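Enquirer: Residue numbers (the working numbering): 111 to 219.
Don't be surprised by glycine CBs; every beta carbon is placed ideally from N, CA and C.
Fair warning: this is a prediction, and the values are worked out from it, not measured in the lab.
This is the structure I have questions about; it appears just below.
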Amino acid sequence: PAGCAEDAAVLGTVRMLAGRGVDVRRVELDGAARGAVAESLRQALADGSPVSGVLSLLALDRTVVESGVSAGLGGTLALVQALGDCGVAAPLWCVTRGAVSTGRSDRLV
């Protein structure tokens, strides 16, 4: 998310992926406007290189917006829609922080 580019979790994730040979493209999104997110994606993908996966760190933005939900949730919704608008069929992984288990036998990882 915008303003989180220097967050330790973001930097560590990028370093770890790049260290494993992953071609990392950072796209910093500001807001949850579907059209703006789609345009940011189009610019990032303009060279035509294939996308093998999308890792979203938008959930790191816990700012509550006027609708009462987190900016990260709104941004994630816009990202899902924009990926479809741009024809990106690659898997999307959403990273969270402070997750909780959904059942007693579920482990946190």
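1. Contact check, A119 vs L170 under 8 angstroms by CB: the rounded distance?
2. Relative to the C-alpha of D195, which residue among S150, G163, R207, S162 is closest?
3. Per the DSSP calculation, V164 is bridged to which residue(s)?
4. Taking only three categories from DSSP, how would you classify V137?
5. Do the region 183-200 and the region 136-155 touch if we need at least three Cβ pairs shorter than 8 angstroms?
6. Are there 16 or more other CB atoms within 10 angstroms of the CB of P160, so buried, or fewer, so exposed?
7. Looking at the structure shown, is V174 part of a helix, part of a strand, or coil, going by DSSP?
8. Compare the Cα-Cα distances from S220 to each of L193, R207, R125 and report the closest residue.
Expert: On the basis of the coordinates in this document:
1. Stepping through the sequence shown from its first residue, residue 119 is reached at position 9. Stepping through the sequence shown from its first residue, residue 170 is reached at position 60. L170 and A119 do touch by the CB rule: their CB atoms are close to 6 angstroms apart, below 8 angstroms.
2. One-based indexing of the sequence shown puts residue 195 at position 85. Out of S150, G163, R207, S162, S150 has the C-alpha closest to the C-alpha of D195.
3. Translated into positions along the sequence shown, residue 164 becomes position 54. According to DSSP, which records beta bridges pairwise, V164 is partnered with L202.
4. Your numbering for residue 137 matches position 27 in the sequence shown. Under the three-state reduction of DSSP, V137 is assigned to coil, being neither helix nor strand.
5. They touch, by the three-pair rule.
6. As a working mapping, residue 160 is identified with position 50 in the sequence shown. So P160 counts as exposed.
7. Locating residue 174 in the sequence shown gives position 64, counting from the first residue. Strand at V174.
8. Not covered by the structure: residue 220. The range shown for the chain is 111 to 219.
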